[in-house]
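In what follows, a structure is listed as C-alpha cells, so that the remarks can point back to it.
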Ligand code: EPZ
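Numbering (this note's numbering), first residue to last: 2 to 423.
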C-alpha cells in the first residue's frame, strides 16, 4: 500500500490541468452497454474507479480499448450478469443495472457494499426500475431484475430522505431510453454529471429533455447507436485544487474548468476571503489566498448547492482559517472521518450529528494519518501542505480512486510531496 509523504511549508504557484470527471465517466462508460455500436469517450481520467468500470465492462463481454484518456468500447455480445466480486467493490458499478435491464430485459447486479461515508442504499434505483415495469428480487447478495415484456415508460418521483439521487437518476434515465413510451423523472438530480450523461445518451439517439432540472423526460426509442463524446472537467478535482491554492498558494491557475459548475465552491472560497478570477470563457481560473481569511458557515445540499464531495476539503482549509466555521453535511451526515485525523494534526473541530464546528488554529503539525475515503484523503493532503513537519498519509489507494496523478500535479505546483511504496 502506497504512502504519500507531504513536507509542509511549500508555496504553490503555477498552473494545473484539471482532468475529466470521474463521476461523469462512470455512468457514461456504463451507457455504452445500451448499443452494439462502438462508442469513443475522451478525457476519461486514469483512476482506479474508472479502471474498475472498464474491468466490469470487459467481464460482461464488451471489447474495450484504452489509450491514455480515450476509451473505445464495443458492447457486442454482453452478458446480463455483472461480475459479483468486481461490482461489490465499487458502489458506482450499480449503474450497469439500467443499461443491462434495458438491453436484455433482465439483469443481475450485486448489492453494492456500504462505505465509511455512510450507508449507501439503492432503494431509489429499484423504485425507478419497478416503475418501468421490472420485477426485483434478491438472492445471494445479488439483485435480480427482470422485465420479460420489456420496459414501459412511467412517471415517477425519485426523491429520497436526503433528496435526489445522482446515480439513481442516471440509472433510470439509461433504462428509460429503450423503454416503450415516455418516462418522467420527478425530483431528478441536476448535477453536471447527470447532464453530461444525458448529452452522451442524446448523442446515441436518445430523446431526453430537462436534464439539469428536477424534471427529466425521456421518450423511449427502439435502439441507440454509437457516439463520440468528451467528458466534462472534474469539478471536484477543480474544487480540491482551488482549496489547495487558497490554503498554500501564491496565485495558482487551473485550466480546463467550467465556471458554471464551480459556482457554489467559488462562493464559499470568496465568502472566506479568498479570490477566484475566471477568464471570459470560464474555462480557466486563478485563485489567490486572501489577506485576512475568516470562518464561514457551510451546508452541503444537492446541486447547485455546495457539494458534499467538497465538504472534507473545505473543512481542512477552515482548520487553519481564523475564526469559527460551521460545516453541515445534509447528504452524508457521517462524512466526517477526516476530522479525527485533522485533530491528530492539531485541528480544533467538534463533530456532532452531521455538523462540524471548526475553530481555526494558527498552524497544524505533521502526524501519521490514515486516509479513510476518497475525499477525506484529499482533505488530509491539503492539511499537510501547510502543516509543520512531514505528514505521512497512509492507504493512498483511497485517493487514487478519484484523483489522476495528484502527487505529480501537486509537485508541479511546487509542493514537496513524494509517493512511497511500502
Ligand atoms: C454520487 O453518488 C457520487 N458518486 C458521490 O461522489 C456523491 O457524494 C453523491 O453522488 C452525492 O452527490 C458518483 O457519482 C460515482 P446519491 P450516489 O444517490 O449517486 C441517498 C465521490 O466522492 N440514497 O446522490 O451514489 C444516499 O444515501 C463520491 O466521488 C438513498 O437513500 O449518491 C445519500 O444520502 C462519494 N437511496 C443521498 O441519497 C438510494 O437509492 C444521495 O446519494 C440512493 C441514494
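We put the beta carbon where it would ideally sit given N, CA and C, even for glycine.
Query                                                                                                                                                                      : Result
Under DSSP, the alpha helix (DSSP H) around residue 241 begins and ends at which residues?                                                                                 : 236-249
How close, in whole Å, do the beta carbons of residue 127 and residue 180 come, if the pair is a contact with beta carbons under 8 Å?                                      : At roughly 16 Å, the Cβ-Cβ gap does not stay under 8 Å, so residue 127 and residue 180 are not in contact.
May I have the straight-line CA-CA distance separating residue 382 from residue 413, to the nearest angstrom?                                                              : 15 Å
Residue 175: which of 409, 278, 348, 198 sits nearest, CA to CA?                                                                                                           : 198
Between which two residues does the alpha helix (DSSP H) harbouring residue 208 extend?                                                                                    : Not the alpha helix (DSSP H): residue 208 falls in the beta strand (DSSP E), residues 208-210.
Assuming residue 218 contacts residue 211 (C-beta within less than 8 Å), just tell me the rounded distance between them.                                                   : 5 Å
For a test of your reading of the model: does the CB of residue 167 fall under 7 Å from any non-hydrogen atom of the ligand SAM? Yes or no.                                : Looking for the ligand SAM in the displayed structure turns up nothing; the ligands present are the ligand EPZ.
Is it buried or exposed for residue 214, if we count other Cβ within 10 angstroms and need 16 for buried?                                                                  : exposed
Where does residue 120 land, buried or exposed, given buried means 16+ other C-beta within 10 angstroms?                                                                   : exposed
Pull the bridge partners of residue 369 from the DSSP assignment, please.                                                                                                  : 393
Considering residue 332, what are the terminal residues of the beta strand (DSSP E) in which it resides?                                                                   : Here residue 332 belongs to no beta strand (DSSP E), and DSSP marks it neither H nor E.
Run the proximity test for residue 397: is its beta-carbon closer than 7 Å to any non-hydrogen atom belonging to the ligand EPZ?                                           : no
How should residue 342 be labelled, buried or exposed, when 16 other C-beta atoms within 10 angstroms of its C-beta is the threshold for buried?                           : buried
Would you tell me roughly how many angstroms separate the C-alpha atoms of residue 79 and residue 145, rounded to the nearest one?                                         : 17 Å
Applying the 10 Å Cβ sphere with the 16-neighbour rule, what's the burial state of residue 114?                                                                            : exposed
Go through the stretch 340-389 residue by residue and report every complete run of the beta strand (DSSP E) that reaches 3 residues or more, in order.                     : 349-353, 356-360, 369-371
Whole angstroms are fine: how far does the CA of residue 345 sit from the CA of residue 393?                                                                               : 12 Å
CB of residue 163 to nearest heavy atom of the ligand EPZ: below 7 Å?                                                                                                      : yes
Can the beta-carbon of residue 256 be found closer than 8 Å to that of residue 16?                                                                                         : yes
According to DSSP, simplified to helix, strand and coil, what is residue 19?                                                                                               : coil
Assess contact between the stretch 43-55 and the stretch 399-407, defined as three or more Cβ pairs (one per stretch) separated by less than 8 Å. Is contact present?      : yes
If you measure between the beta carbons of residue 339 and residue 377, is that distance less than 8 Å?                                                                    : yes
Assuming residue 319 and residue 361 form a contact by the criterion Cβ under 8 Å, report the distance between their Cβ atoms to the nearest whole angstrom.               : 7 Å
Less than 8 Å between the beta carbons of residue 332 and residue 358, yes or no?                                                                                          : no
With a threshold of 6 Å on Cβ separation, who are the neighbours of residue 136 within its own chain once the five nearest residues in sequence on each side are excluded? : 147
Does residue 304 pass the burial test, meaning 16 or more other C-beta atoms within 10 Å, or should it be called exposed?                                                  : buried
Considering only their Cβ atoms, is the gap separating residue 21 from residue 70 smaller than 8 Å?                                                                        : yes
Do residue 2 and residue 396 come within 8 Å of each other at the CB atom, strictly closer than that value?                                                                : yes
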